[in-house]
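K.L.:
This is the structure I want to talk about, given as structure tokens.
There are 2 protein chains.
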Amino acid sequence: MKIDDNFYMKLAIDEAWKYQLLTYPNPAVGCTVVKNGEILAIEAHHEAGEAHAEVNALKAAYIKKNPNNLLKMKNSSHEIHDYLIKNHNGFFHDCEVFVTLEPCNHIGKTPACANLLKEIKPKRVIIAHKDINKEASGGCESLNEAGIEISLGCMEKVAYNLLYPFIKWRSGTFIFFKMAMTLNGSIDGNISSNQTLALTHTLRDKIDLMLIGGNTVRSDKPTLDARYIVGRAPNVMIYSKNKVFDNSIPLFKVPNREVIISDDLFKLLDYKFVMVEGTYSLMEILKERIDFVVLLVSPKIRKGLNALNDIDQDFEIIHENMIGKEKIIYLKRK
Amino acid sequence: MKIDDNFYMKLAIDEAWKYQLLTYPNPAVGCTVVKNGEILAIEAHHEAGEAHAEVNALKAAYIKKNPNNLLKMKNSSHEIHDYLIKNHNGFFHDCEVFVTLEPCNHIGKTPACANLLKEIKPKRVIIAHKDINKEASGGCESLNEAGIEISLGCMEKVAYNLLYPFIKWRSGTFIFFKMAMTLNGSIDGNISSNQTLALTHTLRDKIDLMLIGGNTVRSDKPTLDARYIVGRAPNVMIYSKNKVFDNSIPLFKVPNREVIISDDLFKLLDYKFVMVEGTYSLMEILKERIDFVVLLVSPKIRKGLNALNDIDQDFEIIHENMIGKEKIIYLKRK
């Protein structure tokens, strides 16, 4: 295996994918810090409002070599920025920083990463993909002006898939279809482990809208909340021509939730981040509009309804992780 | 992500899995070489008779820092051993060598890795799993005597799954069930890409025996050779109570191939390395005896026969790789 820039960047990309979709409205970003050839940190951005990937990685790198340092106790992005700027003492001058997205150049909920990098002056910053967010861009120029060597475009195509949800929800609507199934595509009964269910509920807590089919609501009577993580229940759009539902089912009883019953799919475009939970009929109806298919695969074989057996579609696997003992596969339509 | 011994060992384990089953009768082994914290090489054993993982990794590490060195031209295990022993000049004294299996201590088709390590004296050798092959074992003791620090048992459980086929075929029979399917478990028609088909033919070239069901032979009339890689066609056992077959089909016309027609599955135990190609009925009959299920998954959805839909079985995912744009998933029955 070749140990080169791509190798270090791929580690950053894979780390970022662990938090894909969970960073909304921010992009998923990963960062690897290498000091004189030694990997000191591989970290990612975890959640909007929390520290960016670069900040997490620079902190972890510094602590790796200074294990009992006060920095350990600093958790907010501001504190870490301040501490590193004051105390770096040249630590990063022989470091290379691999980051999947151009460091932000704008002060939002957290201070600008480009500014932090300018102050601590790593030897080189390797960037996979330019920022597409005009407000936050300009990081490259800013680092260049500070005399830091920049390499742009390392694994750009792979990083583009990582960035894709962000690109979509920045400028319009990102829609993903989520389904749990067994190895052989069965969706009957309880499929997922608790860990995978918790991920689904975490996703529900993040999204702007969940779309579900009317028949599923009628037959399964799901609650569609985020109780496993004590999170926010998403607003729900029930896709149905027939507008009559039993209003006593739990779905309608969740406080602070909006439920729309509609067969107008253009309504989805009023939202930025939409999750579709359903079977093949909904997937077939929406297929031109779905950005990602997210399959949660439990490693078991079961009899029963095969949710995907009535469509004919090719995909590209753009990423996959394990969630405990199960799999998550991210697909894009070909 | 924690950057520790486990991190470097996992890189070696993942590299080794790329050659899982292809190293028969040798074990699949991987090796990472780290010099002063810098990863110089991640390599694996590719094929019996060729250089072991340690030798490939030590060579790659040396060349990484001496790019125009003569060692580049040395390909046989003997040549690399000789060259490194004569010319290492202390290069490895500050290296840590992570290897998934105890370095062999015995001179077979290739010289002993333990001897090479003793001569070049790395700072530390980290070993995931002890060798279970008495003939080749003793590597640890040998390195210890030479004053090299040994760490044994790093990621031992994960390395055990890597080693499992070797453990089985050393002492008896290793049987794996191979099947190509779509994302939703359909096996109708042509599923796999050419790259995946080439892997199947490479496996056929390695195995001692292929088991196939009589009905498949009657209906599909497969040749079951290794023509995509111009390899050796495996011997075949057709599992069938009815011994009558049309002898004019291609399967029976392959030169230098033995074909057994039998319904006595105990015959499998006369072989060390058996691949089963078939559908659920054969899987169900053999299930107690199958060591690995190897699924080749093409990222598409298709209508049609779901090969796995009539059994009820839980698995553990022990590894997965990409083969080009498709997936290979290694499963063990729970």
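Protein sequences, first through last, are from chains A and B.
For the first sequence, my numbering begins at 47 and goes up steadily by one.
For the second sequence, my numbering begins at 47 and goes up steadily by one.
Glycine included, C-beta positions come from ideal geometry on N, C-alpha and C.
None of these values were measured; they are calculated from a predicted model.
(1) Excluding sequence positions up to five away, which residues of its chain have a Cβ less than 8 Å from the Cβ of A:ALA205?
(2) Give me the chain B residues within the contact set of A:ASN388, using Cβ-Cβ distance strictly less than 9 Å, ordered along the chain.
(3) Alpha carbon to alpha carbon, what distance is there between B:GLU323 and B:ARG250?
(4) Name the one or two DSSP bridge partners that B:CYS159 has.
(5) Select from A:ASN135, A:LYS132, A:LYS64 the residue whose C-alpha is nearest the C-alpha of A:ASN367.
(6) Is B:GLY185 helix, strand or coil when you go by DSSP?
(7) What is the residue span of the beta strand (DSSP E) that B:THR228 lies within?
(8) Please report the straight-line C-alpha distance between B:HIS134 and B:ILE126, rounded to a whole angstrom.
(9) Ignoring anything shorter than 4 residues or poking outside the region 222-297 of chain B, list the alpha helix (DSSP H) runs there in chain order.
(10) A:LEU231 and A:ASN352 look like a contact to me (Cβ under 8 Å); what is the Cβ gap, rounded to whole Å?
(11) Run the CB neighbour count on A:HIS91, radius 10 Å, all protein chains shown included, and call it buried at 16 or more, exposed below.
(12) Which residues does DSSP pair with B:ILE369 in a beta bridge?
(13) Return no unless some Cβ of chain A is closer than 7 Å to the Cβ of B:PRO345.
(14) Can you list, in chain order, the stretches of the beta strand (DSSP E) that have 3 or more residues and sit fully within the region 88-148 of chain A?
(15) So the beta strand (DSSP E) B:VAL322 belongs to, where does it begin and stop?
(16) Please classify A:LYS373 as buried or exposed, where buried requires at least 16 neighbouring CB atoms within 10 angstroms.
(17) Counting only Cβ pairs nearer than 8 Å, list the residues of chain A close to B:PHE361.
(18) With 8 Å as the C-beta to C-beta threshold (strictly closer), list the residues of the region 246-260 of chain B near chain A in chain order.
(19) With a cut-off of 8 Å on the beta carbons, I'd call A:ASP254 and A:LYS287 a contact; round off their distance for me.
(20) Spatial neighbours of A:ALA46 within its chain, please: CB distance less than 6 Å, with the 5 preceding and 5 following residues excluded, ordered by chain position.
(21) Are three or more beta carbon pairs between the region 277-293 of chain A and the region 258-266 of chain A nearer than 8 Å?
(22) So A:PHE361 and B:PRO345 are in contact, right, with Cβ under 8 Å, and what is the actual spacing, rounded?
(23) Hey, is B:MET47's beta-carbon within less than 7 Å of any beta-carbon in chain A?
(24) For A:ILE237 and A:THR228, I'd like the C-alpha separation in whole angstroms.
(25) Applying a beta-carbon distance threshold of less than 8 Å, which residues of chain A neighbour B:GLU84?
(26) Distance, Cα to Cα, A:LEU208 vs A:GLU96?
(27) Comparing C-alpha positions only, which one of B:GLU142, B:GLY154, B:LEU104 sits nearest to B:ASN179?
(28) Go to A:ARG216, then tell me how far its alpha helix (DSSP H) extends in each direction, as first and last residue.
(29) In whole angstroms, give me the CA-to-CA distance for B:MET283 and B:ALA226.
(30) Roughly how many whole angstroms lie between the Cα atoms of A:LYS118 and B:MET47?
(31) With distance defined between alpha-carbon atoms, name the residue in A:ASN240, A:PHE212, A:SER188, A:VAL171 nearest to A:ASP140.
(32) Counting contacts by CB-CB distance shorter than 7 Å, is B:GLU181 in contact with chain A?
(33) For the beta strand (DSSP E) that contains A:ILE307, what are its first and last residues?
(34) Whose Cβ in chain A lies nearer than 8 Å to the Cβ of B:LEU287?
(35) From B:ASP358 to B:SER239, what does the alpha carbon distance come to, in whole angstroms?
(36) Give me the residue from B:ASN355, B:ALA103, B:GLY277, B:LEU257 with the minimum Cα distance to B:ARG335.
P.N.:
Taking the coordinates as given:
(1) Translated into positions along the first sequence, residue 205 of chain A becomes position 159. The residues are MET55, ILE59, THR146, LEU147, ALA174, HIS175.
(2) Residue 388 of chain A lies beyond the residue range present for chain A, which begins at 47 and ends at 380; the question has no answer from this structure.
(3) For this step, residue 250 of chain B is matched to residue 204 along the second sequence. For this step, residue 323 of chain B is matched to residue 277 along the second sequence. Approximately 10 Å, taken between the alpha carbons.
(4) As a first step, residue 159 of chain B must be located in the second sequence, where it is residue number 113. In the DSSP output, where bridge partners are listed per residue, B:CYS159 has none listed.
(5) Taking the first residue of the first sequence as 1, we reach residue 367 of chain A at position 321. Comparing Cα-Cα distances from A:ASN367 to each of A:ASN135, A:LYS132, A:LYS64, the minimum goes to A:LYS64.
(6) Reading the second sequence from its first residue, position 139 is the one you call residue 185 of chain B. DSSP places B:GLY185 in helix when its eight states are reduced to three.
(7) Translated into positions along the second sequence, residue 228 of chain B becomes position 182. 220-228 is the span of the beta strand (DSSP E), which, as asked, contains B:THR228.
(8) Translated into positions along the second sequence, residue 134 of chain B becomes position 88. Translated into positions along the second sequence, residue 126 of chain B becomes position 80. Distance between the alpha carbons of B:HIS134 and B:ILE126 is about 11 Å.
(9) 240-252, 260-266
(10) To locate residue 231 of chain A, count along the first sequence from 1; it is residue 185. To locate residue 352 of chain A, count along the first sequence from 1; it is residue 306. One point to set straight first is that residue 231 of chain A is Gly, not Leu, in the sequence displayed. At roughly 5 Å, the Cβ-Cβ gap stays under 8 Å, so A:GLY231 and A:ASN352 are in contact.
(11) Here residue 91 of chain A corresponds to residue number 45 of the first sequence, with the count starting at 1. A:HIS91 comes out buried.
(12) One-based indexing of the second sequence puts residue 369 of chain B at position 323. DSSP lists B:GLU372 as partners of B:ILE369.
(13) Looking up residue 345 of chain B in the second sequence gives position 299. Yes, B:PRO345 lies at the interface with chain A (some Cβ there is under 7 Å from its Cβ).
(14) Within the region 88-148 of chain A, the runs of beta strand (DSSP E) at least 3 residues long that lie entirely inside it are, in chain order, 141-147.
(15) Numbered from its first residue, the second sequence carries residue 322 of chain B at position 276. 319-323 is the span of the beta strand (DSSP E), which, as asked, contains B:VAL322.
(16) Translated into the one-based positions of the first sequence, residue 373 of chain A becomes position 327. That one is buried.
(17) Numbered from 1 along the second sequence, position 315 holds the residue referred to as residue 361 of chain B. Those within 8 Å of B:PHE361 in chain A are LEU229, PRO345, LYS346, ILE347.
(18) none
(19) For the purposes of this step, residue 254 of chain A is taken as the residue at position 208 of the first sequence. For the purposes of this step, residue 287 of chain A is taken as the residue at position 241 of the first sequence. With a Cβ gap of about 24 Å, A:ASP254 and A:LYS287 do not count as contacting.
(20) Summary: the structure shown does not reach residue 46 of chain A, with chain A confined to residues 47 through 380, and so no result is reported for it.
(21) Taking one beta carbon from each stretch, the region 277-293 of chain A and the region 258-266 of chain A have 3 or more pairs nearer than 8 Å; the two touch.
(22) Mapped onto the first sequence, residue 361 of chain A falls at position 315. Mapped onto the second sequence, residue 345 of chain B falls at position 299. Right, the Cβ-Cβ distance comes to about 4 Å (below 8 Å), so this counts as a contact.
(23) The sequence position of residue 47 of chain B within the second sequence is 1, counting from 1. With a threshold of 7 Å between beta carbons, B:MET47 makes contact with chain A.
(24) By one-based count along the first sequence, residue 237 of chain A stands at place 191. By one-based count along the first sequence, residue 228 of chain A stands at place 182. Each residue's alpha carbon lies about 7 Å from the other.
(25) Along the second sequence, read from residue 1 onward, the residue named residue 84 of chain B stands at position 38. The contacting residues are ASN82, GLY83, GLU84.
(26) For the purposes of this step, residue 208 of chain A is taken as the residue at position 162 of the first sequence. For the purposes of this step, residue 96 of chain A is taken as the residue at position 50 of the first sequence. For A:LEU208 and A:GLU96, the distance between alpha carbons rounds to 19 Å.
(27) For this step, residue 179 of chain B is matched to residue 133 along the second sequence. Checked all of B:GLU142, B:GLY154, B:LEU104; the closest Cα to B:ASN179 is B:GLY154.
(28) Taking the first sequence and counting its residues from 1, the one referred to as residue 216 of chain A is at position 170. From DSSP, the alpha helix (DSSP H) with A:ARG216 extends over 202-217.
(29) Your numbering for residue 283 of chain B matches position 237 in the second sequence. Your numbering for residue 226 of chain B matches position 180 in the second sequence. One C-alpha to the other measures close to 20 Å.
(30) Here the question's residue 118 of chain A lines up with position 72 in the first sequence. Here the question's residue 47 of chain B lines up with position 1 in the second sequence. Using only the alpha carbons, I get a separation of about 15 Å.
(31) Working through the first sequence from its first residue, we reach residue 140 of chain A at position 94. It is A:VAL171 whose Cα lies nearest to the Cα of A:ASP140.
(32) Taking the first residue of the second sequence as 1, we reach residue 181 of chain B at position 135. No, because no Cβ of chain A sits closer than 7 Å to the Cβ of B:GLU181.
(33) Working through the first sequence from its first residue, we reach residue 307 of chain A at position 261. A:ILE307 -> beta strand (DSSP E) spans 305-308.
(34) As a position in the second sequence, residue 287 of chain B is number 241, starting the count at 1. A small fix is needed here, since residue 287 of chain B is Lys in this sequence, not Leu. What B:LYS287 touches in chain A: nothing, since even the nearest Cβ is about 25 Å away.
(35) Translated into the one-based positions of the second sequence, residue 358 of chain B becomes position 312. Translated into the one-based positions of the second sequence, residue 239 of chain B becomes position 193. Their backbone Cα atoms lie some 28 Å apart in a straight line.
(36) In the second sequence, counting from the first residue as 1, residue 335 of chain B sits at position 289. Closest option to B:ARG335, Cα to Cα, is B:LEU257.
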